[in-house]
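First comes the structure, then the notes that go with it.
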Amino acid sequence: MKKEGITMKDIAREANVSVATVSHVINNTKNISQATRKKVMSITEKYNYTPNYSAKNLRQQSTKTVALVISSHPDAFVTEMIFAIEERAAEMDYNLLLVNTKEHSEYEEKTINLLHSNLVDGIILSPTSGDIQYLQNYTKDKFPIVMVNRYDDSIESISRVTGDNFQLGYDATMHLLDHGHEKIGFIYTYPDVSTTEDRIKGHHEALKQANIPFDQELIIQGFAHIDGGAAATKELLMKNNRITALFIQNDLMTIGALDAIKEMYLRIPDDIAIIGFGEFSASHIIDPSITTIVLPPETIGKTAFDILLNKMNNPDYMNHVELPPFMNIRKSCGCQ
808 MKKEGITMKD IAREANVSVA TVSHVINNTK NISQATRKKV MSITEKYNYT
858 PNYSAKNLRQ QSTKTVALVI SSHPDAFVTE MIFAIEERAA EMDYNLLLVN
908 TKEHSEYEEK TINLLHSNLV DGIILSPTSG DIQYLQNYTK DKFPIVMVNR
958 YDDSIESISR VTGDNFQLGY DATMHLLDHG HEKIGFIYTY PDVSTTEDRI
1008 KGHHEALKQA NIPFDQELII QGFAHIDGGA AATKELLMKN NRITALFIQN
1058 DLMTIGALDA IKEMYLRIPD DIAIIGFGEF SASHIIDPSI TTIVLPPETI
1108 GKTAFDILLN KMNNPDYMNH VELPPFMNIR KSCGCQ
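Numbered per the numbering used here, the sequence shown spans residues 808 to 1143.
Structural data, given as structure tokens:
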């Protein structure tokens, strides 16, 4: 191997380790075994390798900062995911810049453009919509971006970490069907995003397997907040008194639904059964306690940062991770 122009990839190949491991050894950003560290350092000394911090492109100079751009963070799931990313960033000696786009797609695009201009080493993005083709402009130069929670499946060039939202919608609906519910109201947060669309597809598939027609009128937006959840619940139950169960897509809307059901002098689960998404802190102490179906926000957050770190160290790295849901069964669905 020639000494001129040696790269981390060359060192990693000779040491039989990953580029990320070489980076961690050189930058002292992670605990690496003494044997591996010694092997990598001996090769860097052999070729008199020094990191090129004055490369042609300023982006090759690490800022030790990554950005987390989220569409909103009012609920427990997103908040826990943020905490997990912050924790992993601190462990790896990175600063984290948090931006909340508040579901404004134009602001998101402007933010990504600004961050791409050498402000950060990479971006973790939970997009505002399912149409994010503009990101292709930033992947041409292999700028590190990882999608988290939401994604656009037409963009294969960007790694993503998500939950299996199809299975989530299917499992929750099937659980209610098994309890004899056929008219199930579905209260979602925002349209045209992968989380909503995949859960509705899973919901639809469960109904199909039970030979129950899919009724679009039972699907309604609750805008991800308490008042929206309450209003959606009242509208559903007033328009269709045959509804016996609700499947609600975030914890704030679930709280609103509980308030609305109380105002309507209905009982849970006798009159209306409930399954909510996301494990909020009071879900197990409310009377009746709330059955929730959840995805692991901590695992999703930390995995997203780990993939971004790999992407920053190796621009060709690509990985899509989908994590399964699980259900906390309590009284609100009619169990226990």
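For glycine and all other residues, C-beta sits at the position ideal for the given N, C-alpha and C.
Requested in this report: For chain B, find out if any of its Cβ atoms is closer than 7 Å to the Cβ of residue 926; answer yes or no.
Outcome: Among the chains of the structure shown, chain B does not appear; only one protein chain is present.
Query raised in the report: Would you report the Cα separation of residue 864 and residue 886, rounded to the nearest angstrom?
Result: Along the sequence shown, one-based indexing puts residue 864 at 57. Along the sequence shown, one-based indexing puts residue 886 at 79. For residue 864, the pLDDT reaches just 42, beneath the cut-off of 50, and the residue's location in the model is therefore unreliable, leaving the point undetermined.
Query raised in the report: What residue ranges within the stretch 867-916 form continuous alpha helix (DSSP H) runs of no fewer than 4 residues, ordered along the chain?
Result: For the stretch 867-916, the continuous alpha helix (DSSP H) assignments of 4+ residues that do not extend past its boundaries occur at 883-898, in sequence order.
Query raised in the report: Whose C-alpha, out of 1083, 1065 and 953, is nearest the C-alpha of residue 1075?
Result: For the purposes of this step, residue 1075 is taken as residue 268 along the sequence shown, with counting starting at 1. Out of 1083, 1065 and 953, 1065 has the C-alpha closest to the C-alpha of residue 1075.
Report task. Tell me whether the beta-carbon of residue 959 lies closer than 7 Å to the beta-carbon of residue 937. Result -> Reading the sequence shown from its first residue, position 152 is the one you call residue 959. Reading the sequence shown from its first residue, position 130 is the one you call residue 937. The criterion of a C-beta distance shorter than 7 Å is satisfied by residue 959 and residue 937.
**Report entry** residue 955 versus 988, 1001 and 923, residue with shortest Cα-Cα distance
**Finding:** Working through the sequence shown from its first residue, we reach residue 955 at position 148. Nearest C-alpha to residue 955 among 988, 1001 and 923: 1001.
Requested in this report: Report buried or exposed for residue 1049, applying the criterion of at least 16 other Cβ atoms within 10 angstroms of its Cβ.
Outcome: Here residue 1049 corresponds to residue number 242 of the sequence shown, with the count starting at 1. By the neighbour-count rule (16 or more Cβ atoms within 10 Å), residue 1049 is not buried but exposed.
Query raised in the report: Quick one: is residue 1141 buried, meaning 16 or more other Cβ sit within 10 Å of its Cβ, or exposed?
Result: If you number the sequence shown from 1, residue 1141 lands on position 334. Buried, since its Cβ has 16 or more Cβ neighbours within 10 Å.
Requested in this report: Would you list the one or two residues that DSSP bridges to residue 1129?
Outcome: As a working mapping, residue 1129 is identified with position 322 in the sequence shown. DSSP output for residue 1129 lists 969 as bridge partner(s).
Query - Extent of the continuous beta strand (DSSP E) to which residue 929 belongs - result: Residue mapping note: residue 929 aligns to position 122 of the sequence shown, counting from 1. For residue 929, the uninterrupted beta strand (DSSP E) segment begins and ends at 929-932.
**Report entry** Span separating the alpha-carbon of residue 964 from that of residue 929
**Finding:** Taking the first residue of the sequence shown as 1, we reach residue 964 at position 157. Taking the first residue of the sequence shown as 1, we reach residue 929 at position 122. Looking at the two C-alpha atoms, the distance is approximately 15 Å.
**Report entry** Residue range of the unbroken alpha helix (DSSP H) whose run includes residue 1009
**Finding:** By one-based count along the sequence shown, residue 1009 stands at place 202. 1001-1016 is the span of the alpha helix (DSSP H), which, as asked, contains residue 1009.
Requested in this report: Identify which residue in 995, 1105, 927 and 1016 has its Cα closest to the Cα of residue 1038.
Outcome: One-based indexing of the sequence shown puts residue 1038 at position 231. Taking residue 1038 as reference, the option from 995, 1105, 927 and 1016 with the minimal CA-CA separation is 995.
Requested in this report: Since I believe residue 1112 is in contact with residue 931 (beta carbons under 8 Å), could you give me their beta-carbon distance rounded to a whole number of angstroms?
Outcome: By 1-based counting over the sequence shown, the position of residue 931 is 124. By 1-based counting over the sequence shown, the position of residue 1112 is 305. Confirmed, Cβ separation roughly 7 Å.
**Report entry** Inter-stretch contact (C-beta, 8 Å, three-pair minimum) for the stretch 940-949 and the stretch 1039-1048
**Finding:** Segments in contact, no.
Query raised in the report: For residue 1084, which of helix, strand or coil comes out of DSSP?
Result: What you label residue 1084 is simply residue 277 of the sequence shown in a count that begins at 1. The three-state secondary structure of residue 1084, taken from DSSP, is strand.
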